[in-house]
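For the sequence shown, my numbering gives the first residue as 70, with consecutive numbering after it.
Idealized CB from N, CA, C, for every residue including glycine.
Everything numeric in this text was worked out from a predicted model, so none of it was measured.
Below: one structure, written as structure tokens.
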Amino acid sequence: MGDARTELFHYEVRSTYDTPEVADNRRIVEEAQRQDPYSPDDPEDEEPWRPRPTE
70 MGDARTELFH
80 YEVRSTYDTP
90 EVADNRRIVE
100 EAQRQDPYSP
110 DDPEDEEPWR
120 PRPTE
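The structure is reproduced here in structure tokens:
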């Protein structure tokens, strides 16, 4: 029974181990998700879906 547990442990470690490349990609994605949400350049145009009044 001990050998089966050891083999299962080694299998789990091999199947879940992140290579440095995968870990770096995961870090990049997590950093991108933590950044501030998009904010428009024109703060006066808070409701761009509404038509502008004609003058």
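Pairwise C-alpha distance: residue j and residue i
i     : j      : result
Glu81 : Gln104 : 33 Å
Ile97 : Tyr86  : 18 Å
Thr75 : Asn94  : 30 Å
Glu99 : Thr123 : 44 Å
Arg83 : Trp118 : 51 Å
Pro89 : Gly71  : 31 Å
Ala73 : His79  : 10 Å
Curious, which full-length alpha helix (DSSP H) runs of at least 4 residues does the stretch 71 to 111 contain?
71 to 85, 89 to 103
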